[in-house]
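Quick note: the sequence shown, position 182, residue 182 per the UniProt record's numbering, numbers continuous. For every residue, glycine included, the Cβ atom is placed at its ideal position computed from N, Cα and C. Reading through the structure tokens given below for one structure.
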Amino acid sequence: MNSRKSWVNIPLLKNIIKNNLFPAKVSLIIFVGVFILSLISGSNSGFSQICIVVYGISAVVLTTIYPCFIQSYQVNKTKSSMMCSLPLTTRCVWFTNYLAGYLIALVTLLIEGLGLMMFLGLNNAGTEGNIFIRFIMAIFLLLFIYYTLTYLVCSLSGNRLGQVVFSLAAYALPVILLLGLIYISPKLVPSNLDLGINDTYLYLTFPLAAGMQFIYSAYPHIFFHLFLGIVTLICSYYVYKNRENEYIGEPLVFRRIIIVLKAILIIAVTICGFGVILLVSKINITYGFKGQSLLFLIYILIGMIVAIIVEIIFKGRHVYRNLLIYVPVLAIVFGANFMIANKQYLSGINNSRYEVTADLVAELAGNQEYLSLSLNNEVTKEFLNYLSKHRDDLHFEKYDDEQQDLAMMYTYQYEHGLDDDYYSYSIYYINKKAVIDFFNGPGNKYFDKLLNYTEGLKKEKSLICYVNDYAVYLNKEEIQELIKLLPNQEIKPKNIFSIKTYNLLNPDSVNYLISSNEAITNFITSDELIERAVFIENCRDVIDDINSDSTKFEEQIKAVVSTQFSHETIDMVYPNGDSTVIAFSNDEVIYQGTYEVVTKEGNNYTYPLEFTLKKGDDGVIVNDIKVGG
């Protein structure tokens with residue numbers, strides 16, 4: 001083979017591999033040791049997890065070390081001159097070195113990967129052959145992507161420190177960009193996107209995440225990184241061919257891209273600094289144009305300070321001229337962050353896959369501490385769309401001096417087809433005027449429905465009204481009496497935060513807001529109802545005491561529950577969740593709670609238990625305990 005035209009010189013390839021096997025041997029010895037211990041200990045031992053961790057560490061170490069090992073001659077002027085004097089083309093020397101390191105790391109990771117898959121296969125009979133094939137493919141692809149990236153940054157460096165620093169920077173930059181997107185986005189758009197960032201951004205940012213996705217579900221995001229890896233490989237050859245060897249010994253030998261490297265460093269530090277500023281400061285800014293413009297100016301100011309410092313460190317000769325490059329780049333990064341976050345925010349509001357409900361809460365100027373309105377999916381989505389067009393009325397946070405000016409809206413976003421316990425959660429801090437304007441405008445068609453519920457009240461069997469630190473319970477007869485006292489429910493949007501109101505809550509957390517008058521206030525705060533509220537609260541203390549002390553009433557509870565068993569022996573009974581009032585009167589309250597029953601035979605059961613509490617001479621007494629219906 002003509003070595004002047006070939007891509008690979010076999011003797012040189014063999015020699016490089018032979019002289020650089022030490023890290024691979026150490027990795028194999030450690031992995032084999034842990035692998036054998038995992039097989040001996042079994043799948044339930046901690047060694048099975050350690051085996052996976054060791055493989056991951058091995059992949060990271062080999063991918064990082066070998067580009068540095070193979071290119072060690074590039075940080076030594078004598079060795080570099082000797083390599084250049086070989087009767088080989090630059091292309092042949094470059095690719096032979098590249099291939100040698102890649103093959104060593106590949107063979108090592110394949111051996112360890114096959115062992116890992118064999119171990120997982122022995123303990124998981126359901127492992128599919130397709131997953132095994134994709135796992136092997138992922139080793140080839142991920143190693144190529146990360147190895148090529150590290151090989152490129154090592155080619156840029158003229159000493160070991162530069163190789164290490166540039167390698168860490170190459171791996172850290174995607175992390176910083178994604179964390180910036182996740183953390184800074186809630187300051188750019190009015191939503192907590194940390195629970196809702198589209199997974200596509202993750203897979204397009206992290207090759208490892210795309211590789212894991214490819215293994216388990218065959219999604220093709222990893223091939224995007226493969227394309228970037230090929231581009232990186234081409235860039236690596238270009239850098240290698242045009243290295244300025246007179247700078248060997250300095251961190252950077254390829255001086256042509258120093259402006260690019262400095263820009264990347266400035267972006268990363270600016271994002272981190274901007275995040276810290278947002279974290280430690282209480283900036284009362286809205287999500288509207290004025291607020292976002294101020295944020296943008298803060299971001300650019302931080303970036304300019306960082307840029308000047310970086311230019312001084314790198315001894316730049318054209319500091320202020322380079323600022324004309326850095327500032328537009330920083331603006332593009334900020335704008336891209338905003339556009340991605342805003343797109344995600346708007347798609348979340350209007351996506352038909354999601355159902356969004358909300359609780360609108362605000363302090364009142366009347367006799368109540370707060371106003372609370374429950375909004376259904378239709379109202380919430382229209383309100384969110386309204387707010388997205390009036391972002392100057394939306395604040396980052398709510399501070400003490402704004403208590404009377406801002407309302408809070410808690411939104412709960414459920415995805416159709418999933419368990420109702422899974423949802424994303426956001427808090428909006430809204431100018432009260434915006435709430436009034438919405439219900440005066442596009443939301444007016446919903447306003448009367450929110451407050452016109454006399455028919456609904458007539459059907460309720462019990463309600464709770466929180467007043468003056470008391471939880472006042474109303475039975476069916478008292479609700480009917482209250483309805484007779486209701487004034488004309490002519491509540492207007494402009495009065496919603498100023499009139500006297502009461503919030504009535506049923507056991508299903510449905511909220512009724514009623515306007516008040518003197519007769520209603522006297523009724524709800526009557527001595528009889530307040531005395532009952534105190535009694536029920538005392539009963540609550542007894543129930544909490546029982547639930548917090550597993551030995552109290554334990555034998556009595558076991559005796560009650562044992563009536564449900566005929567062939568098993570109860571070992572333990574403990575509460576699972578809170579207890580609620582299911583019936584009440586002036587001298588008797590019935591609480592129901594869920595209890596877990598564990599038998600000595602190893603089985604678990606769940607039963608509702610009812611506790612009947614009555615007034616006694618010395619306080620509240622537990623009159624009866626029984627299994628509920």
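For PHE31, the enclosing alpha helix (DSSP H) begins and ends at 22-41. For LEU373, the enclosing beta strand (DSSP E) begins and ends at 371-375. Taking C-beta atoms as the reference points, LEU62 and THR108 count as a pair closer than 8 Å.
Less than 8 Å separates the beta-carbon of VAL581 from that of ILE536.
DSSP, reduced to helix, strand and coil, places ASN159 outside both helices and strands of the structure shown, so it counts as coil. Between VAL75 and ARG134, the CB-CB gap reaches or exceeds 8 Å. Judged by beta-carbon spacing, ASN538 lies beyond the 8 Å limit of SER374, meaning their Cβ atoms are not closer than that value. VAL231 sits exposed, since fewer than 16 C-beta atoms from the chains shown fall within 10 Å of its C-beta.
By the neighbour-count criterion, in which 16 or more other beta carbons inside 10 Å mark a residue as buried, SER352 falls on the exposed side.
Of PRO328, ALA59, SER167, THR205, the smallest CA-CA separation from PHE140 is found for ALA59. By the C-beta density criterion, TRP7 is exposed, having fewer than 16 other C-beta atoms within 10 angstroms. Here TYR502 has GLN368, CYS465, VAL467, LEU513, ILE514, SER516, ILE520, ILE524 as same chain residues with Cβ atoms under 8 Å from its own Cβ, once five neighbours each way along the sequence are excluded. For the 8 Å CB-CB criterion, TYR574 and GLU596 form a contact.
Spatial neighbours of GLU481 in its own chain (CB-CB distance under 8 Å, excluding positions within 5 residues in sequence) are listed in chain order as PHE523. If you ignore the 5 residues before and after ILE557, its C-beta comes within less than 8 Å of the C-beta of VAL573, TYR595, LEU609, ILE625, all in its own chain and listed in chain order. Proximity of the stretch 385-395 to the stretch 282-289 meets the contact definition, three or more beta-carbon pairs being nearer than 8 Å. The C-beta of CYS51 has 16 or more other C-beta atoms within 10 Å across all chains shown, which makes the residue buried. Distance from the CA atom of ILE543 to the CA atom of GLU588, rounded to whole angstroms, is 14 Å. Each of ILE248, ILE302, LEU252, ILE259 was checked against the Cα of GLY273, and the nearest Cα belongs to ILE302. The stretch 138-153 makes contact with the stretch 224-242; the number of CB pairs closer than 8 Å reaches 3 or more.
Contact between GLY275 and TYR183 holds, since their C-beta atoms are separated by about 5 Å, short of 8 Å. Counting every other CB atom within 10 Å of its CB across the protein chains shown gives HIS567 a total below 16, marking it as exposed. Put simply, the backbone Cα of ARG321 is about 53 Å away from that of ASP359. Bounds of the beta strand (DSSP E) holding SER515 are 511-515. Closest in alpha carbon position to ILE234, among VAL189, ILE570, SER155, is SER155.
For GLY593, there is no enclosing alpha helix (DSSP H); the residue is part of the beta strand (DSSP E) that begins and ends at 588-599. Using a Cβ distance threshold of 8 Å, GLY443 and GLU382 count as a contacting pair. In this chain, the alpha helix (DSSP H) harbouring VAL239 covers 221-241.
Shown here, TYR502 sits in a strand according to DSSP, grouped into three states. At the C-beta level, SER347 and VAL361 stay beyond 8 Å of one another. The C-beta distance from ASN377 to ASP405 rounds to 28 Å, too long to fall under 8 Å, and the pair is not in contact.
The residues LYS262, LEU265, ILE266, in chain order, have a CB closer than 7 Å to that of VAL310 in the same chain once the five nearest residues on each side in sequence are set aside. The distance from the Cβ of TYR147 to that of ALA105 is about 6 Å, consistent with a contact at the 8 Å cut-off.
A distance below 7 Å between beta-carbons, with the five flanking residues on each side excluded, links TYR607 to the following residues of its chain, in chain order: VAL561, GLN564, TYR595, VAL597, VAL627. In the DSSP secondary-structure assignment, PRO328 is not bridged to any residue. Between LEU295 and LYS187, the gap from beta carbon to beta carbon is short of 8 Å.
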